Structures are given as structure tokens and as C-alpha cells.
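Going line by line, the protein sequences match chains A and B. The first sequence finishes on residue 285 if you use numbering that gives the first Met the number 0, and the numbering steps up by one all the way, no holes. The second sequence finishes on residue 301 if you use numbering that gives the first Met the number 0, and the numbering steps up by one all the way, no holes. Don't be surprised by glycine CBs; every beta carbon is placed ideally from N, CA and C. Owing to the predicted nature of the structure, the values given are computational and were not obtained by experimental measurement. Heads up: the structure comes next, in C-alpha cells.
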Amino acid sequence: MLNDVTFGQYYPTKSFVHNMDPRAKLLFVIAYIVAIFIANNFFGLILVTLALIFFILLARVPFGRVLRSIKMILFLIVFTAILNLLFYAGGENDIVLAQWWIITISWQSIINTIFLAMRLLLLVLGTALLTLTTTPVALTDGIESLLKPLKYIKFPVHELALIMSIALRFIPSLMEETNRIISAQKARGANFEKGGLIKRAKAMIPVLIPLLVSAFRRAEDLGDAMDARCYSGAKGRTKYKKLTFTWRDLLGLLFFAALITGIVLLNTYLLGRFDIIWQVQQWFGI
Amino acid sequence: MEEFTTVSEAAEEGVPAQAEAPVPAVRFENVKYTYDDDEEGTVFAVNGVTLTIRAGEFVAVLGRNGSGKSTLAKLINALLRPTEGKVTVFGLDTADAKKAFEIRKSAGMVFQNPDNQTVASVVEDDVAFGPENIGVPREEIGERITAALEAVGMTEFRHATPSRLSGGQKQRIAIAGVLAIQPKIMILDESTAMLDPKGRREVMDVVKKLNKEQGMTVILITHFMEEALEAERAVVMHRGEVVMDGTPEEIFARADELETYNLTLPRAAYICRRLQEAGMPVGNAFNAEELAEAICASLQKG
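Structure follows, in C-alpha cells:
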């Protein structure tokens with residue numbers, strides 16, 4: 000039941016993107032998100048889309064695999080799109096297409112809806128590509144390394160990273176344990192499938208309590224094991240894995256600098272002259 | 000500064016060590032360990048143990064649940080500190096909190112549940128954890144991982160995920176994690192208890208090899224009598240006390256005494272004993288081969 004939930008969605012293959020430094024990838028994703036949000040016209044978003052397609056090809060991850068990540072937030076996208084479509088209060092030059100009670104559908108609202116949906120889709124697909132091409136362990140290492148400057152304000156960077164990586168490591172163990180407890184409770188006559196939401200939620204209590212107890216026992220064991228292996232905090236500790244920036248990351252940096260520059264240029268020089276409403280009006284002869 | 004500490008430490012240790020050189024790997028001097036239990040009040044988990052384990056020895060510690068054998072193990076690497084008495088590891092007193100780090104460097108410990116002692120999601124990262132903690136330079140950590148994984152026969156799993164491995168393999172990874180710290184003593188606290196027979200065999204083979212080839216002092220806490228046969232020396236614990244101490248053969252020859260401590264004989268020895276009781280003149284045997292030979296010999300005579 001729970002075993003097919005693989006944590007993370009890493010797609011193991013060898014590619015340019017897989018080999019990039021996780022720190023660089025994290026920074027690039029931030030740059031990518033910034034690019035999505037500073038783009039204020041469709042040409043900007045199309046540019047971002049092209050960049051995304053380019054990176055997906057470069058990562059050698061099948062498009063289907065990347066698109067699958069939309070499933071989880073499809074509802075959110077549709078929901079916000081519908082709200083936007085129906086309740087957007089148009090501006091002065093707007094052309095109203097249909098109106099009923101407080102609901103107004105106008106050109107501007109249709110365009111806004113498409114624009115918003117596109118932004119959300121690009122956002123999800125881009126971050127999905129990060130998790131598809133980077134293992135959770137590498138991501139944790141990357142985050143630890145990026146947060147390192149915070150050490151100077153006494154922020155426990157190493158501890159936080161260790162907590163994250165231990166949490167990641169225990170997910171399969173706890174899942175296994177959950178399955179075992181569910182089986183044990185089923186063997187004692189528990190029923191997890193029948194009844195309404197509340198009844199089913201209640202049925203989970205006899206699973207959660209033993210799980211919690213065992214998690215504490217595991218934590219204690221792990222603490223002993225870490226002590227026995229000489230763990231004494233970040234002080235005097237060395238690190239086996241070292242992250243290194245390579246030519247790949249330099250190319251990535253140049254690419255994203257170009258992307259953002261491109262979008263800024265599109266924003267300044269195209270807006271107004273190629274206003275999308277004006278375009279549509281031209282096409283439809285309204 | 001560093002040299003100075005080492006010299007002064009050596010001087011401190013030198014005094015008792017001169018009397019009976021060489022320094023024993025582990026030494027218990029009338030050690031007691033108590034804890035407070037809600038129902039039973041003060042419980043003596045370890046009650047007056049005096050025990051010396053020489054460097055390079057392979058000792059099995061036997062006992063029923065609650066006999067204090069696991070507490071004994073934790074007292075060695077300073078996870079627990081004695082309530083009374085003194086535990087020393089290569090002359091270092093475990094009661095001294097400042098020495099805990101040094102002690103744990105020389106006395107590594109493998110625990111019972113293989114799932115609860117892995118810290119990382121990749122084998123090599125997990126093995127690296129110990130050396131990272133003691134501040135080994137990065138290049139050397141790589142070498143240590145290679146050597147440790149080779150010693151436990153897990154080289155090909157270097158980049159694997161521990162959660163996908165079998166119990167025996169996980170325990171071998173845990174042993175590798177300890178080996179990478181390069182300890183002189185390896186304590187196995189019921190490390191085979193949760194494994195299937197195949198996994199137990201894997202772990203025992205690795206441990207025996209470490210003892211034979213690298214001269215590692217091995218302290219094997221177990222309730223499997225068969226495993227004790229592979230040790231040079233067996234110590235029986237009962238209610239926090241050491242009640243028997245000798246070679247496994249000596250211990251298992253005293254079957255009646257063992258029974259009073261709720262311990263059974265290894266299967267072959269048990270069959271052998273029943274045969275003797277039934278009137279068949281077989282000699283003592285402790286494993287299947289010896290038993291087969293003993294039976295053959297007695298049949299030929301008869």
C-alpha cells in the first residue's frame with residue numbers, strides 16, 4: 000500500500016544536468032523562478048518555456064516524467080484559473096464578453112488566466128526538473144553548503160543538514176514499519192477501508208501510536224550509535240564529500256544570466272508595442 | 000601542547016601498566032551499574048563484575064535477557080558509566096568524560112538493529128560518518144572506506160542504499176562503519192539477534208576474519224550458543240554477575256550448571272549429551288562435523 004510511494008522522484012541517468020553541482024542547480028532554480036515572475040508578457044514566458052524544454056532535453060529525462068509532476072497540483076491550477084477567469088475585474092479598455100451577477104468574463108480575464116496558469120505550470124515543471132535530476136542527499140548537501148554563511152550568526156547549519164539527511168534516510172524504514180503495523184492491526188480485525196473520513200481517520204490511531212513509540216525507540220538507538228561512532232557535533236569534523244563547481248555550472252550561469260537579461264529586454268521593449276490585447280483585437284477584428 | 004598531553008597520559012597509565020604489562024584491552028574492576036525502575040526500585044544491571052579482556056582476544060558474552068550483558072557492553076565504550084568500580088579501556092578510565100572520545104575511537108560498537116544505526120542514505124556516506132566525526136582528512140576517508148568495505152566484503156555496494164540491502168548486509172555495513180574509525184576493539188551487542196541464519200553466518204565470518212587477520216579484540220554479546228563456539232573464550236552472565244568464564248568447550252562441558260542460568264547447549268552438544276545419557280559411548284562434540292565423527296567412532300568401536 001505504501002511501498003510504491005517512492006520518496007523523491009529522482010530519475011537516475013547520466014546527463015549534463017545530473018552532473019551539475021547541486022548548489023548551482025538550486026541557485027539556477029531560484030533564477031528561473033525569478034525569471035518567471037519578472038516576465039510580464041507572453042513573449043517572456045515563451046522564452047522561459049523554451050529554456051525549460053532545452054533543459055529537459057539536456058537532462059535526458061522523458062517529457063512524460065516531467066509532466067507527471069503537474070498531476071499533484073492540477074487541481075490548484077484549475078481552481079485558481081477558474082477564479083481568475085470569473086472574478087477578474089477588468090480595466091478600462093477591457094472588452095466584456097459575458098456578464099452575469101458578479102461574474103464577468105472579459106478578454107483581459109481570459110488572458111490573465113492563461114498567463115497565470117502558464118506561470119504556475121512553468122514553476123512546477125522547473126522545480127520538478129530539479130528533484131528529477133538531483134538526489135535528496137545531494138540536495139541536502141547543496142542546501143547545507145549554501146547556508147554556510149549563516150554559521151556566522153550562530154545558525155546551526157550542520158545540525159539542520161544532519162537532521163534533514165537523517166529524516167530522509169528514515170523515511171523508507173518508517174514506511175516499512177507503518178506497513179507492518181497496519182498488517183498487524185488488520186490481523187487483529189482493524190478495518191481501514193470502511194466508513195467515512197472521520198471513522199477512517201480514527202482507525203489510523205492504533206497505527207500512529209505504535210509508530211510514534213517505535214520512532215522514539217529508533218531515535219534513542221540512533222543516538223547511541225552516533226555516540227559510539229564518535230559524533231560530537233560540527234566541531235573538529237571533516238567532510239568526505241566535497242562539492243565542486245565545474246564548467247557545466249559556469250555554462251549554466253551564463254545561460255541563466257542570458258535568460259534573465261532576455262526577459263528584462265522583452266519587458267522593456269515589447270510591452271506596449273506588442274500588447275497582447277491589442278494583438279488579439281487585431282486578429283479578431285474587434 | 001598535544002605532545003605534552005600524550006606524555007602525561009602515558010605517564011599516568013604507565014604506573015599500573017608496569018606492574019602487569021601489557022595493558023589489557025578492557026578491564027572491569029568490581030563494577031556495578033544500577034538504574035531506577037518504576038516497579039522494581041533500584042536494579043543492579045551489573046553487580047560487581049571483575050573481568051579482564053586481553054588485546055586480540057575473541058570473547059563471547061552469554062546470558063539470558065536481562066542478565067546484564069548489554070549493559071556490560073555499553074559500559075566498555077562509555078555509553079554508560081559505572082555507578083561503582085572502574086572500567087578501563089587500554090588504561091583509559093571510562094568515568095572520565097574527557098576521555099570518552101578517545102575510548103570510543105579505540106572501542107567500536109555494532110548494535111542489534113541494523114536499521115537504527117545507519118545515518119546516511121548511501122553506503123559510502125554512512126561508512127564515512129565515523130571518520131568524519133574524528134576529523135580524518137578527506138583523501139584518507141576515501142581510503143578508509145575502501146579498506147573497510149573490502150574487509151566486510153561489501154565493496155560492490157559502495158554506492159547502494161542501505162534500506163535495500165539484506166539484514167546481514169546492513170550489519171556488515173555497520174561493521175564497516177566502525178572499522179573505518181580503525182578501533183582496536185570491536186563490540187557486537189547482539190548484532191546477529193535480528194538476522195536470519197544466512198545473515199548471522201555472514202556477520203560471524205567477517206568478525207572471525209577481523210580477529211584472525213587484523214588481531215582485532217572482539218567482544219561478542221550473544222544468546223546464540225553456536226556463536227560462542229567460534230570464540231576463544233566464553234563468559235556467562237547471570238543477574239548482573241559473571242558466573243562462568245573459560246573456553247567455550249569448558250563452559251559447555253558443564254551443561255547442568257548452564258541449565259541453572261537458563262542457558263541451553265549448542266544443538267550438536269545437546270544431541271551428544273542425550274546420546275551419552277542414553278548409553279551411547281560418544282565423545283564430546285560441539286558442532287555437526289565433530290558430532291558425526293564422534294558417532295562414527297563410537298559405532299565403529301561398538
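Look at A:N111 here: in three-state DSSP terms it is helix. Not a single C-beta of chain A is nearer than 8 Å to the C-beta of B:V205. No Cβ of chain B is located within less than 8 Å of the beta carbon of A:T133. Nearest to B:R238 by alpha-carbon distance, out of B:F27, B:A24 and B:Y32, is B:Y32.
Residue contact with chain B for A:K240: present (Cβ-Cβ distance below 8 Å to some residue of chain B). Here B:Y34 carries a strand assignment [DSSP, helix/strand/coil]. B:I184 and B:T221 do not touch by the CB rule: their CB atoms are close to 16 Å apart, not below 8 Å. Per DSSP, B:A230 has no beta bridge partner at all. The contact set of B:A254 on chain A, defined by CB atoms closer than 8 Å, is empty, because the minimum CB distance reaches about 35 Å. When the beta-carbon positions are compared, B:A192 and B:G129 stay at least 8 Å from each other. Between B:G176 and B:D195, the C-beta gap is not smaller than 8 Å, which leaves the two residues out of contact. Under the three-state reduction of DSSP, B:M224 is assigned to helix. In the three-state reduction of the DSSP assignment, A:A227 falls in the helix class.
Counting C-beta atoms within 10 angstroms of its own C-beta, B:A287 has fewer than 16 neighbours from the protein chains shown and is therefore classed as exposed. C-alpha of A:M225 to C-alpha of B:R253: approximately 39 Å in a straight line. For B:F156, no beta strand (DSSP E) segment is defined, and its DSSP state is neither H nor E. Taking 7 Å as the Cβ-Cβ cut-off, the segment 111 to 122 of chain B approaches chain A at N112, D114, N115, Q116, T117, V118, A119, S120 and V121, given in chain order. If the five residues before and after B:K68 are omitted, its C-beta is found closer than 7 Å to the C-beta atoms of V60, G62, I220 and M236, all from its own chain and listed in chain order. The segment 110 to 117 of chain A and the segment 63 to 81 of chain A touch, with no fewer than 3 CB-CB distances between them shorter than 8 Å. Contact annotation, A:N40 with A:N83: C-beta distance approximately 17 Å; criterion of less than 8 Å not satisfied.
A residue is called buried when at least 16 other Cβ atoms come within 10 angstroms of its Cβ; B:R163 does not meet this threshold and is exposed.
For A:S105, the three-state secondary structure derived from DSSP is strand. In terms of beta-carbon proximity, A:L221 lines the interface with chain B, with at least one pair separated by less than 8 Å.
A distance of 8 Å or more separates the beta carbons of B:L74 and B:T87. B:N76 sits in coil when the DSSP states are folded into three classes, being neither helix nor strand. Excluding five sequence positions before and after B:Q275, the CB atoms of its chain that fall closer than 7 Å to its own CB belong to V281, given in chain order.
Here B:G107 carries a strand assignment [DSSP, helix/strand/coil]. With contact defined as three or more Cβ pairs closer than 8 Å, the segment 116 to 136 of chain A and the segment 32 to 50 of chain A are in contact.
Per DSSP, the beta bridge partners of B:N46 are B:K31. Among the CB atoms of chain B, none fall inside 8 Å of the CB of A:M19. Neighbours of B:G65 in chain A, taken as residues whose beta carbon is under 9 Å from its own, are absent, since the nearest beta carbon is some 17 Å off. Boundaries of the beta strand (DSSP E) around B:M185: I184 to D188. By the Cβ rule, the segment 133 to 147 of chain B does not count as touching the segment 145 to 161 of chain A, because fewer than three pairs are nearer than 8 Å. Here the segment 242 to 260 of chain A makes contact with the segment 27 to 41 of chain A; the two share three or more CB pairs at distances below 8 Å. Between A:Y9 and chain B, the shortest Cβ-Cβ separation is not below 8 Å.
Using beta-carbon distances, B:L78 counts as an interface residue toward chain A, with a partner under 8 Å.
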